[in-house]
Structures are given as C-alpha cells and as structure tokens.
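*Asks:*
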Amino acid sequence: MMRVSTLQYFQGNIGKLTDMQARLSNLQNQISSGVEVQKPSDDPSRLFQGIQAQRGINRGEQLNRNISFARNQLEQADGALGQATNNMLEIKFRMVQAANGTLSASDRSSIAITLQAMREELLQLFNQKDVSGRYLFSGTEEEQATFESDPASGVAYPVYQGQTAAAGAGGLSVEVGAGVFVRLGVLGSDSMVLQVADPLAGTPEVNVFSLLDDAVSLLNGNAPIDDIRAVAGQLDEVFEKLQNSRAALGIRMAALDANEAINDAELTSLSQLKRDSLDVDAAQAISELVQGQAQMQAFQLSYSNIAKLSLFNFIT
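The numbering of the sequence shown is our numbering, which starts it at 2 and goes up by one.
#1: Based on the DSSP output, what are the partners of residue 130 in its beta bridges?
#2: Can you round the beta-carbon distance between residue 246 and residue 194 to whole angstroms, since I take them to be within the 8 Å contact cut?
#3: Can you tell me the Cα-Cα spacing of residue 89 and residue 214, whole angstroms?
#4: Does the Cβ-Cβ distance between residue 71 and residue 177 come in under 8 Å?
#5: Assuming contact is defined by CB atoms lying nearer than 8 Å, are residue 118 and residue 233 in contact in what I supplied?
#6: Pair every Cβ in the stretch 199-207 with every Cβ in the stretch 136-143, then say whether three or more of these pairs are closer than 8 Å.
#7: Pull up the CB-CB distance for residue 242 and residue 191, whole angstroms please, since I reckon it's below 8 Å.
#8: Hey, could you find the ends of the alpha helix (DSSP H) residue 104 is sitting in?
#9: Using a Cβ-Cβ cutoff of less than 6 Å, which residues in the same chain neighbour residue 264 once the five nearest sequence positions on both sides are dropped?
#10: Considering only their Cβ atoms, is the gap separating residue 148 from residue 127 smaller than 8 Å?
#11: Report the three-state DSSP secondary structure of residue 224 (helix, strand or coil).
#12: In three-state DSSP terms, what is residue 157?
#13: Just grab the DSSP bridge partners of residue 174 for me.
#14: Can you say whether residue 56 is buried or exposed, counting buried as having 16 or more other CB atoms within 10 angstroms of its CB?
#15: Under the assumption that residue 92 contacts residue 220 (Cβ atoms under 8 Å), give the Cβ distance between them as a whole number of angstroms.
#16: Please report the distance separating the alpha-carbon of residue 124 from that of residue 180.
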C-alpha cells in the first residue's frame, strides 16, 4: 500500500486550494467585465469569431458615419434647391404677369426690380459653402465659386465655374454600403445652366442669370410681348432642369436611407455574434461562483480540521 507523507498531503491540498482560488478569481473577472473569452488560450475559435465580428462592427459604424456626413451635405444642397425652386416659381409667375399686354411701362419696371432681387438670391443660393468651406454646387472644383462673372471674357453675368467635363464629376464620393458609393457634390450646371458656352462657335453660356438679365433689360425697355415670352420659355426650361436635379438628389438621399437600414441590420447581427462569441453568461457564471465559494469554504474548513490533527490525538 502506497504511503502518503504529511508533506505530500499538504502540498496536494495547497495546490487544490490554489486552483480553486484561481477559478473563483477568473469567474469574478468574467462577471465584472462581462467577457468570458479574454485571451486565445480561453477559446481560440470563439476569440477569432469575436474579433471578426468586431471588425465588421467597426466597418458598419464607419459606413453609418459616412452616411451621416453625406446626409448633412445633401440636405444642405436640397434645402438650397428647395429655395431655388420657390424663387423660380415666383419668377415664372412674374414673367406671366409681364407678358400681359395691358401692363404699363411702370408695372413692368416693378416686375424687373423683383426679378433682379430673385437673381441675387439665386446667386447666393448656388454659391453656398458647406461647413468645411467647400462650395456645394461646384463639383470637383470645390474651392472655386460656383458662379462668377468673368470680366476678361466680356460676360457681365455670372457663369458656371465648376467641373462638368469628367464623367461622374460632382465632387467627393463616400462609401455608404458594401461597394455602394454616393456622390456628395451637386452640380450647379445641372440646375441653372441651359446651354454651355462654345468658344469655337462663339456662343456664350446661357444660364438663369443671363436669362434674368435679359428679362430685366426687356422689361425696363418696355420690349414687345413676344420677346418677353421667349425669355419666359427659356426660364421654364431652366425650371425643369432644376426639378430634375432635385429629383436626382432625392434618389441619392433615398439610397442613404436604404443603406443605413442595411447597415443597422448587419450591426445588430454582428453585435449578437460578438456577444455569443465573447460575452459571459452572467447567470451561469454567478451560479458557478456561488457554488465554488461554498465548495472552497467547505474545503478550507475540512483542511483546517485535518491539519490540526496529530498522532497524539489518537493516543489514549
């Protein structure tokens, strides 16, 4: 029969006591942190799943930050286009009035004053900057005012200065979903320019400002009704372009909403996967901790009683 020395007995029980203390300490750490898998040795596969889930969460949150930034940009542009629409509706109404043959020269001059004010408001709207100081409607030329006069060319009215030549131009684009990019910039030429300049043909740009300048000149000069109606027709075409531009902007804003919903659903799924992979089952951990503490107390009491024993206790 194998003999167990007193030293071996004590060492074995001390080792068991140390293991129990380590287990209880680990349970307490898990409960306080809420995380069960904290290092690779705990469970390599679960830790890898948790890390991958966190990477997906980080990316989804970045995409939603992009969406928030894009929404702010596009909402500011949409607000400007909405005000421009109201101005153009007022201009249409005034041009209909101006085409009335019963108006006096004084009446037409009053309308001209209103149109001049509308022109200045439109110029301010389309030369707006975002919070970063970039021009909203200048496309890729974000540092360049959207509409400026060019005295060197002999054109008195503001002409479009932004970038329109490159396919898909329109400023910065941001990713808002998996491989989905939304353009932030809105081209002022899409809304306010009826005809681009052709240097070879010698034809100037025709935009809302040149047309309003023409209208003001005609009204102040008490021009024939047909001339006024011709300009009014061109202003109607600009209005249609403005409506189309705003509709296209609406499509982009809808894309933001759709991708945000997709991202949110993915974030919910990934968050659950991360919890399943790394987080502790609090109820189970607390139950194990209570049981472990009871077992440890019983063990300590038993060990203490046995440790006090001596051979002399058995000698009568």
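Every residue, glycine too, gets a C-beta built ideally from N, C-alpha and C.
No experiment lies behind these values; they were computed from the predicted model shown.
*Replies:* Looking at the atomic coordinates:
#1: 136
#2: No, residue 246 and residue 194 are not in contact; Cβ-Cβ is about 11 Å, not under 8 Å.
#3: 14 Å
#4: yes
#5: no
#6: no
#7: 7 Å
#8: Unbroken run through residue 104: none, as it is neither H nor E.
#9: 61, 64, 65
#10: yes
#11: coil
#12: strand
#13: 184
#14: exposed
#15: That belief does not hold up - the Cβ atoms of residue 92 and residue 220 are roughly 12 Å apart, past 8 Å.
#16: 36 Å
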